Amino acid sequence: MGKLIYNSSARELDIDDRTLAHLRVTIINKLRRSESFAMTWEHGVENGSGRTTLWLNESVPLQFVFSGNRPPVLNRLWIEQLMLTANSTSGLHYVPEPAEVEELEAD
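Going by UniProt numbering, the sequence shown opens with residue 1, and the numbers climb by one from there.
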């Protein structure tokens, strides 16, 4: 289980490493373009329900802390879906990982 640490807050979001790796790519791509955006994360029933919304911009320190030492193979479709949410008025939020579809060449 990895962590997303926002600014100098003691509050950390626990996120599994695979999801965190995909969020990292999405967030870094947005911030590299100097695009500020909101990110909302649901806490889940095990953490008392509720949700947190963060305003992300390039001036606020972010840390992505992974518990594992091997980076996962990234799912391009999932990153595209996360980018679509990040570009929406509601901001970046979790969407389930889609299955990758291999494109077959027509003969």
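Each residue gets a CB set at the ideal place from its N, CA and C atoms; glycine is no exception.
What you are looking at is a predicted structure, and each value in this text was computed from that prediction instead of being measured.
Inter-residue Cα distance where the pair is residue i and residue j
| i | j | result |
| --- | --- | --- |
| K30 | A21 | 15 Å |
| E35 | I15 | 23 Å |
| G2 | L74 | 16 Å |
| L92 | G44 | 17 Å |
| Y94 | W55 | 15 Å |
| E58 | D17 | 23 Å |
| W78 | S9 | 28 Å |
Burial state of residue i (16 or more Cβ within 10 Å)
| i | result |
| --- | --- |
| I28 | exposed |
| G48 | exposed |
| R11 | exposed |
| R51 | exposed |
| R24 | buried |
| L84 | exposed |
Proximity to residue i [Cα-Cα], best of the options
| i | options | result |
| --- | --- | --- |
| Y6 | N87, F64 and T85 | F64 |
| A86 | L4, W41, R18 and K3 | W41 |
| A99 | L92, L84 and R76 | R76 |
| E80 | P72, G68, P96 and R32 | P96 |
| R32 | L13, V60 and E46 | V60 |
Cβ pair residue i, residue j closer than 9 Å
| i | j | result |
| --- | --- | --- |
| T53 | A38 | yes |
| E82 | T26 | The sequence given here places Leu at residue 82; Glu does not occur at that position. Yes, they are a contact pair. |
Cross-strand partners of residue i (DSSP beta bridge)
| i | result |
| --- | --- |
| H93 | T40 |
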